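Working notes, structure below.
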Ligand SMILES: Cc1cc2nc3c(=O)[nH]c(=O)nc-3n(C[C@H](O)[C@H](O)[C@H](O)COP(=O)(O)OP(=O)(O)OC[C@H]3O[C@@H](n4cnc5c(N)ncnc54)[C@H](O)[C@@H]3O)c2cc1C
Ligand code: HEM
Ligand code: HEM
Ligand code: SF4
Ligand code: SF4
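Protein chains in written order, with the working numbering: chain D, 1 to 790; chain F, 1 to 292.
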């Protein structure tokens, strides 16, 4: 038979599609690779509270979904599968999809082929675990995941892999088992620092046995052993269990093999889809996480909608109402679709982007209608949104009371977006305007997807940086020409931009990240300064001598705009006043150098702080050990003002020269934690605070992405006790110490420092420190640490 | 930016306290009551009231310290003022009493106040001196790291012991499980090492004290002198080396615990004495109104 529709993937998206297909009487089959529905949700932690974000979007599905425990959600779907008689085939892993509308062939891993009129691809983004790739990889003693390490006792377990998952499993299992870890390389380079320390220690003290530079040759299930190719030859290990944690194979390759095209090679790119979720292969629809909708409710809504589209009904998407509301106050008097095409017509940057992508961008954005003179953002704010002018004009206020006018179709805000630094100028509405304000995450996604968008934004960034830093009076055309000669270079942390003594071949404008400058004095490197994004380095070699007078190194991942020496020298000739400005900078830096060279310990302290990743911090909590009495009042204050969980761990973390770096958020310029948050719950406030909104779904991605281990997953705590009760009767807990509510075990959300942005008076930790040991500062102030002390 | 509580905001509260003291002395100087100066004169009542308000305010610091969302100054500012006003209080109370002391509840209040102030002075001394020593002693290593280094040595020792006879295994296991630092405030303060170890000597097994791992080291030295097998001797040597490392680490941790306890211990005088002072003070005030 030919199915009307074959649905691949039994997650929330696929299930909802299948339920609607069943309801409307379409002939269908739902193919799910694993043995149970919604594998991604099955793999959540037991009892996890599943959240139904975004709250404003209504649910549109035959299946039920309300916030609740993982078990309740899965149970409701199971009932739905039965109630609607959905035809599910478990163990139905799809290996190939060929053909087009009315004529699809869907091949399963057991070789069977199904035929279909349309195919809905809803396989999510989790991918399939990478297998061992040797004979016996599917033997019963081999597994590719681990739910509960305490389940196993007194076994010999071989773990294959060197990433965080492998290490975490190995360390947890080693408590009750004999664990051997097999690493293909000679170090654990991919792991986080904390995990690296754990595994190194376990290997050193012999609790875990490690085979480095070793591959798996084969697995022999009947004999329960594994054959390894070590550096010195083959060995055979007897074991009860083999756990391979080799990461997941992202589904992209499979999707491409089905004929679907992606607009760019960047791995974060999504396939291009029509407004009906149809890919470039006619009749092949893509929905859910794979289509770029990372939340359950969105996935379910699309499941419903895609069946309507396949049936030929052009219904409006569930979030249509939200757009309608967004467009309400606009002076255009157009309906939703017309407004969307007006946006595209008016803003050239959007001219070539896909309709669905534009729709998503607008959904995540805000439309603003400021009045003449209204401030859109202030200089030195920490916001990082991106603004496009749909109608009207704005003035960018630059130095010396002058301003630059931008008009319809242009954009601004890209400087902070790309550098993570404060706004470099105040922008005001010049007349009545309509602006589209888009969040950073969406714009970055757009840049990764569309090369053209990236090029245009980059060019503007460079030209505007040149204007702000070097040549304020140059016309934009000239700046654009110079921008064309520059090169954008990315450096990893600790990579060298140039060495002392190198030939001076150009100027580096630091676009994001930061660098440290050091000189070799008396046989050792002494750090003489720290330069943040938005400034330039390398000018000394260009206007004075012709070789580099210092070594410049990236303190964190850094991007620099490289301006060739000849271009720069031309600029010097053509622009009056530029030489003086640069010379002034040189003078300031030389005197700073002299000061720092006179006190090498100051440079050592800065290097230490940079090693802690503070080069990308905007505001960090430091503890002066010479004053700290260890009373932990800072932690108690944090807990008391933040639902009972302290977001800082004072005692943890390294120290150097009486400066202690506790485990606490440093509000990075380009926060790693933001990268992969499904509901986009992590935001930056105007004063720079990186904070997590209530819409957090507790997936834990941010905690995994933060290199500094400052994010915790916390449940609700019992109510704060009364101070007088505590003093008088000793009952209850001391303020600042609250126990977790037993019932709240499952409803956990990510928590981290928000710099007390909602409290008047500033950070509670600093205000509560009786001795003045707790201080907050930005990296630019680090040089003062020793200046004062000496 | 990071200045101690004494120099907080250019010592502004020192100046306030000095002014207060100066005014009190001037008033005492100028005041010419019929009777000898005492708490019952007009100035006496005034100074007594000021002193009482100061005491209540000083005691309120314990509350302010825990009002974490309070925006009324910073805790450091409060402490800076607490210290200077607390010292000025001595003078004001003295002038109030007209230097008339006896054996009565009034003088009891005064004595308790002096004890609170003295303990406070000691506290300031400790707060200014000890942190630096904590930092020097830790050498950039956090307490958790010290503990994990200790565990590390213990598990290494046990692995070395596995290659030796049962006695060694029992020794290292018991030395590890019976290592004990800290405990009561007193043993933390005195830096006592209450570690023990189970040792077999002359066929008898007994629990012996093992401060600084000395008992273990002695026993190992003894075994080493008796062993004739070179491999065994080498293993015992390794055990001794590990144990000496442990001794050094324990010394460092003991010092850390001692210093940290010193930073806290005085508050166990300061705060209860404050409570006693408040009771005595209320009694003093009530009695003078009842009997005068
Ligand atoms: C820890 C964690 C917590 C989360 N918490 C929440 C939350 O509280 N609220 C929320 O809204 N979202 C949450 N999310 C996000 C949510 O899980 C996803 O957005 C959602 O699962 C996406 O649904 P989907 O149907 O597109 O894909 P998936 O749920 O990933 O489903 C894909 C299905 O396809 C199957 N499959 C894959 N390949 C094949 C193949 N070749 N052939 C056949 N079948 C295949 C898989 O086995 C799987 O069952 C969380 C995510 C994580 C990781
Ligand atoms: C409202 C507050 C106070 C009032 C009304 C008050 C009143 C008095 C009076 C009337 C006397 C004279 C008693 C006598 O001569 O026997 C006195 C004496 C004294 N007061 Fe106070 N007083 C107050 C606060 C304090 C405080 C805060 C202290 C110090 C802790 C203090 C310590 C003394 C002392 C030591 C004496 C001398 C006792 C003696 O003469 O033997 N008083 N007070
Ligand atoms: C009668 C006078 C005083 C009273 C009633 C008083 C009372 C208090 C109280 C209630 C606390 C809070 C303790 C806590 O809850 O942790 C405290 C803390 C303290 N006091 Fe006093 N005090 C007095 C005088 C002084 C003086 C004179 C000094 C110093 C010269 C001093 C120094 C301190 C210090 C250093 C702290 C510790 C602050 C901290 O760790 O948070 N006190 N005092
Ligand atoms: S949570 Fe981590 S990644 Fe995010 S801003 Fe703070 S320190 Fe940076
Ligand atoms: S804030 Fe963290 S835990 Fe919460 S949804 Fe975002 S990434 Fe997941």
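Quick reminder that beta carbons are idealized off the backbone N, C-alpha and C, glycines included.
Since the model is a prediction, treat every value here as computed from it, not as a measurement.
Proximity of residue 180(D) to chain F, defined by a Cβ-Cβ separation below 9 angstroms, is not satisfied. With respect to chain D, the C-beta atom of residue 200(F) has no partner C-beta closer than 9 angstroms. Residue 688(D) and residue 384(D) have their C-alpha atoms some 10 angstroms from each other. For residue 58(D), there is no enclosing beta strand (DSSP E), as DSSP gives it neither H nor E. In terms of beta-carbon proximity, residue 71(F) lines the interface with chain D, with at least one pair separated by less than 9 angstroms.
For the region 141 to 157 of chain F, the residues whose beta carbon sits under 7 angstroms from a beta carbon of chain D are, in order, 142, 143, 144, 152, 155, 156.
Distance check between residue 98(D) and each of 254(D), 421(D), 175(D), 556(D) places 254(D) closest, using alpha-carbon atoms only.
Within 8 angstroms of the C-beta of residue 45(D) there is at least one heavy atom belonging to ligand 1. Spatial neighbours of residue 309(D) in its own chain (CB-CB distance under 6 angstroms, excluding positions within 5 residues in sequence) are listed in chain order as 276.
Annotation: Cβ neighbours of residue 652(D) in chain F (cutoff 7 angstroms, chain order): 142, 144. For the options 344(D), 717(D), 416(D), 345(D), the alpha carbon positioned closest to that of residue 377(D) is the one of 416(D). At least one C-beta of chain D is nearer than 9 angstroms to the C-beta of residue 4(F).
Residue 109(F) counts as buried, since at least 16 other C-beta atoms from the protein chains shown sit within 10 angstroms of its C-beta. Sequence-distant partners of residue 106(F) (beyond 5 residues in either direction) whose C-beta falls short of 6 angstroms from its own C-beta, in its chain, are 284. Residue 210(D) carries a strand assignment under DSSP once its states are collapsed to helix, strand and coil. At a C-beta separation below 7 angstroms, residue 640(D) has these neighbours in chain F: 68.
Restricting attention to 590(D), 524(D), 93(D), the CA atom closest to the CA of residue 110(D) is found in 93(D). Within the same chain, and ignoring the five residues on either side of residue 546(D) in sequence, the residues whose Cβ sits closer than 6 angstroms to its Cβ are 504. Listed in chain order, the alpha helix (DSSP H) runs fully inside the region 329 to 403 of chain D are 336 to 346, 355 to 364, counting runs of at least 4 residues.
Within the same chain, and ignoring the five residues on either side of residue 487(D) in sequence, the residues whose Cβ sits closer than 7 angstroms to its Cβ are 562. Per DSSP, the continuous beta strand (DSSP E) segment holding residue 437(D) begins and ends at 434 to 438. Scanning chain F for C-beta atoms nearer than 9 angstroms to the C-beta of residue 636(D) yields 66, 68, reported in chain order. Residue 382(D) has its CB no nearer than 8 angstroms to any heavy atom of ligand 4.
By the CB criterion at 9 angstroms, residue 353(D) and residue 361(D) fall inside the cutoff. Close to chain F, meaning a Cβ-Cβ distance shorter than 8 angstroms, are the following residues of the region 197 to 217 of chain D: 201, 204, 205, 206, 207. Ligand 2 never approaches residue 137(F) closely enough for any of its heavy atoms to be under 8 angstroms from the residue's Cβ.
Selection 93(F), 226(F), 237(F), 45(F) evaluated against residue 289(F) yields 45(F) as nearest (Cα-Cα).
Sequence-distant partners of residue 766(D) (beyond 5 residues in either direction) whose C-beta falls short of 8 angstroms from its own C-beta, in its chain, are 621, 634, 774, 775, 776. Less than 9 angstroms divides the Cβ of residue 264(D) from the Cβ of residue 448(D). Chain F has no Cβ within less than 9 angstroms of the Cβ of residue 388(D).
Its Cα nearest to that of residue 287(F), the residue 40(F) stands out among 196(F), 17(F), 40(F). When secondary structure is reduced to three states using DSSP, residue 450(D) falls in the coil class, being assigned neither helix nor strand.
Put simply, of 292(D), 344(D), 710(D) the residue whose alpha carbon is nearest the alpha carbon of residue 124(D) is 292(D).
Between residue 244(D) and residue 142(D), the beta carbon gap of about 6 angstroms places them in contact (Cβ cut-off 8 angstroms). Residue 326(D) is bridged by DSSP to nothing; it lacks a bridge partner. Residue 281(F) places its beta carbon 9 angstroms or farther from that of residue 119(F).
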